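Asks: After the structure tokens below, expect a handful of questions from me.
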Amino acid sequence: MAHKYALEALDANMKDIFQNDKCMGGNTLVLPGDFRQTLLVIPRGTKADELHASIKYSYIWKDVQRFGLETNMRVHLTGDASTQQFAQNLLHLGNGEMAIDNEGFISVENIGNIIITMEELKDRVFPNIENNFQDKKWLCERAILSPTNDGVKIINNQLLKKLPGASQIYKSVDTTVETNQAVDYPTEFLNSLEPSGIPAHKL
Numbered sequence: 001m002a003h004k005y006a007l008e009a010l011d012a013n014m015k016d017i018f019q020n021d022k023c024m025g026g027n028t029l030v031l032p033g034d035f036r037q038t039l040l041v042i043p044r045g046t047k048a049d050e051l052h053a054s055i056k057y058s059y060i061w062k063d064v065q066r067f068g069l070e071t072n073m074r075v076h077l078t079g080d081a082s083t084q085q086f087a088q089n090l091l092h093l094g095n096g097e098m099a100i101d102n103e104g105f106i107s108v109e110n111i112g113n114i115i116i117t118m119e120e121l122k123d124r125v126f127p128n129i130e131n132n133f134q135d136k137k138w139l140c141e142r143a144i145l146s147p148t149n150d151g152v153k154i155i156n157n158q159l160l161k162k163l164p165g166a167s168q169i170y171k172s173v174d175t176t177v178e179t180n181q182a183v184d185y186p187t188e189f190l191n192s193l194e195p196s197g198i199p200a201h202k203l
């Protein structure tokens, strides 16, 4: 889910390009997403900061027309009863329809498997990785998700340590194209950048 500032910047540019003061310069923009899923990650931010970064708190929201999808295609195509039940439980959770106990908690026993430790999670998702890591099909069938890049980095490093053989270190290019700009962009600064969707400097 994009930060509202990104969409507002796009809105301003579209209005300028199309010389039209309507939202997005009068163009239709399709924004898929589900607010029941993980909100934006705001480093060192509060829950309120995460909510206020959403498009719901943008001036654009008044021009948004919402449509809902009725059929879960993943469930529909697999025809698996357990997958259908899992999808239904997730919907009930997202809609706030789960039963709440006296202490204000909800039971998530029927939503998935509860994993206590990180080691158990890694062993469940990547069992016997030492012997299976070269099987591309096996690797493509599994993943561990995390709401932050830092969480992904920790899990990746722990899994890489389990692989046999000597590790190799790869580094990104850390120099500027224009040599006269090297003063403005020190190597340490370039190496510290970890924008979303781009690999870290040191792999």
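The numbering of the sequence shown is UniProt numbering, which starts it at 1 and goes up by one. C-beta: ideal position from N, C-alpha, C; glycine also. Source: prediction; values computed, not measured.
Thinking just about the alpha-carbon of each residue, which of 149, 118 and 165 is nearest to the one in residue 196?
Replies: 149
Asks: For the region 18 to 25 against the region 35 to 52, are there 3 or more C-beta pairs whose distance is under 8 Å?
Replies: no
Asks: Can you tell me which of 156, 98, 177 and 190 puts its alpha carbon nearest to the alpha carbon of residue 125?
Replies: 156
Asks: Please report the distance separating the alpha-carbon of residue 17 from that of residue 30.
Replies: 19 Å
Asks: May I ask which residues mark the beginning and end of the alpha helix (DSSP H) holding residue 14?
Replies: For residue 14, the enclosing alpha helix (DSSP H) stretches over residues 4 to 18.
Asks: Decide if residue 55 is buried, meaning its Cβ has at least 16 other Cβ atoms within 10 Å, or exposed.
Replies: Residue 55 comes out buried.
Asks: For residue 33, collect the residues of the same chain with a Cβ closer than 8 Å to its Cβ; drop the 5 residues on either side in sequence, then sort them by chain order.
Replies: 1
Asks: Check whether the region 94 to 110 touches the region 130 to 149, taking contact to mean three or more Cβ pairs, one atom from each stretch, closer than 8 Å.
Replies: no
Asks: Name the residue from 200, 132, 131 and 174 whose alpha carbon lies nearest to the alpha carbon of residue 152.
Replies: 200
Asks: What distance in whole Å lies between the Cβ atoms of residue 133 and residue 163, which are believed to be in contact at a cut-off of 8 Å?
Replies: 5 Å between Cβ atoms; contact.
Asks: Between which two residues does the alpha helix (DSSP H) harbouring residue 194 extend?
Replies: From DSSP, residue 194 is part of no alpha helix (DSSP H); its letter is neither H nor E.
Asks: Kindly confirm or deny that the region 46 to 64 and the region 3 to 12 touch, where touching means at least three C-beta pairs closer than 8 Å.
Replies: yes
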